[in-house]
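Just below is one structure, and these are the notes that go with it.
Number of protein chains: 2
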Amino acid sequence: MDPGKLNVVAMLKQAGLRVTPQREAILQYLVDTGGHATVEEIYQGVQPCFPHMSVSTVYNTVKHLAQVGLIKEIHVGDGPSRFDMNVRPHHHLICRKCGILFDFYIDEPPRFHLPPEAQGFQIEDYHVEVQGICPACRAASGE
Amino acid sequence: MDPGKLNVVAMLKQAGLRVTPQREAILQYLVDTGGHATVEEIYQGVQPCFPHMSVSTVYNTVKHLAQVGLIKEIHVGDGPSRFDMNVRPHHHLICRKCGILFDFYIDEPPRFHLPPEAQGFQIEDYHVEVQGICPACRAASGE
DNA sequence: CATCTAATTTGTAATGATTATCATCTAGGA
DNA sequence: TCCTAGATGATAATCATTACAAATTAGATG
Chain F
5 MDPGKLNVVA MLKQAGLRVT PQREAILQYL VDTGGHATVE EIYQGVQPCF PHMSVSTVYN
65 TVKHLAQVGL IKEIHVGDGP SRFDMNVRPH HHLICRKCGI LFDFYIDEPP RFHLPPEAQG
125 FQIEDYHVEV QGICPACRAA SGE
Chain S
5 MDPGKLNVVA MLKQAGLRVT PQREAILQYL VDTGGHATVE EIYQGVQPCF PHMSVSTVYN
65 TVKHLAQVGL IKEIHVGDGP SRFDMNVRPH HHLICRKCGI LFDFYIDEPP RFHLPPEAQG
125 FQIEDYHVEV QGICPACRAA SGE
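For the protein sequence lines, the chains are F and S, in the order given.
Sequential numbering of the first sequence, starting at 5, is according to my numbering.
Sequential numbering of the second sequence, starting at 5, is according to my numbering.
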């Protein structure tokens, strides 16, 4: 038996979600590719195995997966939503040229200096989006 | 004469943009309201004075204003783009309940711990988006 | 001050991402 | 095995944004 497949089934069950072939495939795709996929990419990725799967199903499924915390929805710039397997809190580097995305981590949370009118704001989560030029693009344009 | 109006005209000229009544009105609106406006809000805001202004003009103008650096485009969550007069680098607190937006500042940039594959990434800018509950919503639901 | 031209405005159509709808189908419990 | 709440899939609807083209205008030039 495919241990990976067993794994995603277990993940779905444990999260209290119904196990359907479509959900297995989508979660498996996210597990395999490891992060930052858009709905379109997921849709294309599962096409070979599920040629009949609807985009609606992808939207629906990622919404559910995000609700139970198996994945996280991230918004980068003005692009479409991306869905990230990585549940450990992390942040993103985006290349302005090619749009490639890297994860990175911040050991100690930065000290936020809140303005007076926001005193008492209850911080629940934060996300840092770093813009710049990735090594590959620097190499490409630098020479 | 309206000193405010003279001001936005000067800003446009200095930025090398043609001065049109529409641009004056849009920039004036942004100066007056002071930040975070969406295209829709700008459009509504200038309606009283410019009932004939097209949404296209708003999109066009904010794009130009952002290009010359008079304003900054920000993306918060999955909502529409917002345009911010505040050019000083700053970050945002978003309330999960009511969506209100606060600015805040970070004195010393956090130390980013880049992964191996991103070594050499040239950081140009960064933006921190903090999610949580604003004081007003806490007060409203807390009691 | 009249003229000219390139930039701007405007209305509309087109696109892209996402949500809504609803009839059909199915996972999984009784 | 049967039932039903929930899931799927096809399509339409919505929302933000961009593309387009014809009419207008800012501002430079003579």
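No residue lacks a Cβ here, since even glycine has one placed at the ideal position from N, Cα and C.
Asked, Found
"Cβ of C138/S within 7 Å of any chain F Cβ", "yes"
"Same chain, Cβ closer than 7 Å to G20/F, five either side skipped, listed in chain order", "V72"
"Within 9 Å of chain F by C-beta, residues of the stretch 86-98 of chain S in sequence order", "H95 and L97"
"Element boundaries [beta strand (DSSP E), containing D82/S]", "Note, D82/S: premise wrong, no beta strand (DSSP E); not H, not E."
"Top-ranked residue by Cα proximity to V12/F, from C102/F, I75/F and C141/F", "I75/F"
"Spatial distance of K67/S from C99/S (CA atoms)", "27 Å"
"Reduced DSSP secondary structure (H/G/I, E/B, other) of A19/F", "coil"
"A41/S classed as buried or exposed, judged by whether at least 16 other C-beta atoms fall within 10 angstroms", "buried"
"Segment contact, 8 Å Cβ cut-off, at least three pairs: the stretch 127-146 of chain S with the stretch 115-128 of chain F", "yes"
"Given R142/S as reference, the closest of V134/S, Y109/S and K101/S once Cα atoms are compared", "K101/S"
"Coarse secondary structure for Q126/F, derived from DSSP in three states", "strand"
"Reference H96/S, options N90/F, P84/F and V132/F, closest by Cα", "V132/F"
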